[in-house]
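Data block below; observations after.
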Amino acid sequence: MSTEFKIAIAGLGTVGSGVVKALTARGEDLSRRAGRTLRIVGVSARDAKKARGFAVTGWTDDPLSLAKGDADVVVELIGGDEGIARQLVETALDNGKHVVTANKALMAKHGKVLADLAEKRGVTLKFEAAAAGGIPIVKVLREDLIAHGVDAVKGILNGTCNYILTEMEASGRSFDDVLKEAQAKGYAEADPTLDVGGGDTAHKLALLASLAFGTAPDLDAVAVEGISHITADDIAFASEFGYRIKLLGVARKVGDAIDQKVHPTMVRRSSLLASVSGAANGVLVDAGEAGSFFFSGRGAGEAPTASAVIADIVEAAAGGGASPVFGRPAAGLEPLKRADGKAAASPWYLRFEVLDVPGVLAAIAGNLADSGVSIESMIQRGRAPGEPVAIVMITHETPQARVERALKAIGASDKVRARPCMIPMES
Ligand SMILES: NC(=O)c1ccc[n+]([C@@H]2O[C@H](COP(=O)([O-])OP(=O)(O)OC[C@H]3O[C@@H](n4cnc5c(N)ncnc54)[C@H](OP(=O)(O)O)[C@@H]3O)[C@@H](O)[C@H]2O)c1
C-alpha cells in the first residue's frame, strides 16, 4: 500500500480505548479502505500508569505535543469545551493536521471558529461521534439529505435519559430510584446533571441544527428542560393516554427562523420515536419533498462511538477530508435567527399536586380559562381530604406561552404543593 496515514490519539478513556482496539484489530481492512496504511504514532492521556487493556505505544505525557509532531490526524477524545481539548484541536488545525473529535460540547460552542480555522489551513475537522454516537447522522445531514432541504430534526439523543424513562415505565419506580440504579450500572455519570438536565442533548441538537439548516451552531438559542421532574405518575398517565414520555431535542424551521428545544415530550406509543428504548438513540429527519427518515441505534459506549470516530479517520485518510465541516463553507454559515418557541402550539399534559380541599379545581379551571387554555379531559384519582392529590388535565391545542401564563398563576396558590408540570403532546 502507498503512504502511511499517521494517527495521534489524545484521550484513552471509553472512546479512545475503543478506537485503539478497533484500529488494532481491524487495521488491515481499514487501511485497505483508506488506500493508505493506518498507523498509530502517538497517544496521550492523564495517567501513564493506568491499565488500558491494550498495549500502549507512542505514549507522551503532553497531549499538545501530538498536535506539533508528524501525525496526519489528531484524534481528540478528552472532552470539555475549554482547556486542553480546545487547545489541542486549535493547535492541531493550526499546524495543518486533520482533526477528528467526539467532543459535542467543544463543537457546539466553538464549532464555527474551528471550522473557519480548518478551512484556512486546508484540513478537515470531523465530528461524527459527537451526535448520536454510532448513528451516522452527521454525515447524513452534511452530505446526503441536502437536495430538498430539511424542515425538522427530532431526536432522542441522550441514552442515559432514555434508559431512565424506559426503566421508569417498565418498573413503575421513581426517577431518583432509577437514576441511582443507572449510576450503579455505569449508564449514568456520578454527576448526572449534564445528561438529565438536558444539556448534553442541547449540545447535540445545536450541531444537528447547524448541519440541517446551514446556520452556525447556536447553543444559547436552545431552550432546555430536563427530565428530573418527571414522576412515576406522569409515566403511568402517559401510558393510559396511549403515549410514552421521551426527552426530545427538536430543531425546526418556522418561516425563516429556527426553533431549537430540548424537553420531555409525550410521543404516541405507535410512533417510531416511542420504539426507541433503553440506552438507544433515535433521530427523525423531515427532509421536505424527499420525505421522512428515521435512524436508530446505539448512541454511546465504547464500540458504537469508536465506530463513528474510525469512519471519520478513514475518510480523512482516503482524502475525502477537506469537505466543509458543517456542509458549507464556514463563512456561509448564517447566524441562527431564533423563532419564538413559546408560540408553538400543541395539546398539553398538565399535572397539579394540590390539597384536596373544596374550590381548588374551580380555581385552576378559572386560571386556565383566563389565559385562554381549554381543557379536553381531566382525571383526578381517589380522594384524600386535606391531603395532596394529583389532578391531570389534557388541553386542546394551545401555544406554550398561554399555558405557561396559566401555570404561573396556578402555581402561586398555597393549595398547590409542587411546581405544576406541563408536557407537550405530539398531535
Ligand atoms: N463515552 C461515550 O459513549 C461518548 C459518546 C459520544 C461522545 N463522547 C465524547 O467523547 C469524548 C471522550 O469521552 P469518554 O467517555 O471516552 O471520556 P473518558 O472515558 O472520561 O476519557 C477521557 C480521557 O481523557 C483523558 N484526559 C482527561 N483529562 C486530560 C488531560 N488534562 N490531559 C490528557 N488527557 C486527559 C483521560 O485520561 P486518563 O484515562 O488517564 O484518566 C481519559 O483517557 C468526550 O468529548 C465525550 O463527550 C463520548
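Residue numbers for the sequence shown, in our numbering: -8 to 418.
Don't be surprised by glycine CBs; every beta carbon is placed ideally from N, CA and C.
Being a predicted model, the structure only gives us computed values, none of them experimental.
Coarse secondary structure for residue i, derived from DSSP in three states
i	result
residue 154	helix
residue 17	helix
residue 43	coil
residue 271	strand
residue 166	helix
residue 361	helix
residue 33	strand
residue 92	strand
residue 367	strand
residue -1	strand
residue 54	helix
residue 85	helix
residue 145	strand
residue 38	coil
residue 277	strand
residue 288	strand
residue 283	strand
residue 329	strand
residue 5	helix
residue 48	coil
residue 421	Any answer about residue 421 is impossible in this case: the structure gives the chain only from -8 up to 418.
C-alpha gap between residue i and residue j, whole angstroms
i	j	result
residue 461	residue 136	What the structure shows of the chain is the stretch from -8 to 418, and residue 461 is not part of that stretch, so it cannot be assessed.
residue 128	residue 374	49 Å
residue 183	residue -6	44 Å
residue 205	residue 237	27 Å
residue 133	residue 210	19 Å
residue 396	residue 403	11 Å
residue 149	residue 193	10 Å
residue 246	residue 139	16 Å
residue 179	residue 152	9 Å
residue 74	residue 324	26 Å
residue 369	residue 0	56 Å
residue 411	residue 381	10 Å
residue 268	residue 154	7 Å
residue 383	residue 357	15 Å
residue 285	residue 147	11 Å
residue 109	residue 103	10 Å
residue 316	residue 291	22 Å
residue 264	residue 5	27 Å
residue 399	residue 82	49 Å
residue 293	residue 167	26 Å
residue 76	residue 131	26 Å
residue 348	residue 377	6 Å
residue 298	residue 64	16 Å
residue 259	residue 266	10 Å
residue 176	residue 156	15 Å
residue 145	residue 278	12 Å
residue 12	residue 98	25 Å
residue 359	residue 281	41 Å
Integer-rounded CB distance, given that residue j should sit under 8 Å from residue i
i	j	result
residue 141	residue 105	Rounded, the Cβ-Cβ distance is 23 Å, inconsistent with contact.
residue 25	residue 305	5 Å
residue 288	residue 125	5 Å
residue 257	residue 414	6 Å
residue 308	residue 3	21 Å between Cβ atoms; not a contact.
residue 394	residue 364	6 Å
residue 367	residue 387	5 Å
residue 42	residue 50	Their Cβ separation, rounded to whole angstroms, is 13 Å, which puts residue 42 and residue 50 out of contact at 8 Å.
residue 187	residue 165	Not a contact, Cβ separation roughly 13 Å.
Which runs of the beta strand (DSSP E) spanning at least 3 residues fall entirely within the stretch 57 to 82, listed in chain order?
As far as the stretch 57 to 82 is concerned, its whole beta strand (DSSP E) runs of at least 3 residues are 64 to 67.
Within 8 Å, do at least three Cβ pairs link the stretch 89 to 106 to the stretch 22 to 36?
no
List, from N- to C-terminal side, the beta strand (DSSP E) runs of 3 residues or more that fit wholly inside the stretch 107 to 142.
Runs of the beta strand (DSSP E) spanning 3 or more residues and lying entirely within the stretch 107 to 142 do not occur at all.
Counting Cβ pairs closer than 8 Å, one from the stretch 331 to 340 and one from the stretch 111 to 120, do we hit at least three?
no
In chain order, what are the residue ranges of uninterrupted alpha helix (DSSP H) at least 4 long that sit wholly in the stretch 178 to 262?
For secondary structure counted as the alpha helix (DSSP H) over 4 or more consecutive residues, the stretch 178 to 262 holds these complete runs in sequence order: 184 to 187, 190 to 204, 223 to 231.
Contact between the stretch 336 to 344 and the stretch 52 to 61 is defined here as three or more beta-carbon pairs at a separation below 8 Å; is this criterion met?
no
Could you say if the stretch 241 to 260 and the stretch 188 to 202 meet the contact criterion of at least three C-beta pairs nearer than 8 Å?
yes
Touch test, the stretch 353 to 364 against the stretch 260 to 274, Cβ-Cβ under 8 Å, three pairs minimum:
No, the stretch 353 to 364 does not touch the stretch 260 to 274.
Using a Cβ distance threshold of 8 Å, determine whether the stretch 211 to 230 contacts the stretch 295 to 304, with at least three qualifying pairs required.
no
Any contact of the stretch 168 to 177 with the stretch 64 to 75, i.e. 3+ C-beta pairs under 8 Å?
no
Ranges of the beta strand (DSSP E) found wholly within the stretch 337 to 417, counting only runs of at least 3:
The stretch 337 to 417 contains these whole beta strand (DSSP E) runs: 339 to 346, 366 to 371, 379 to 386, 412 to 415.
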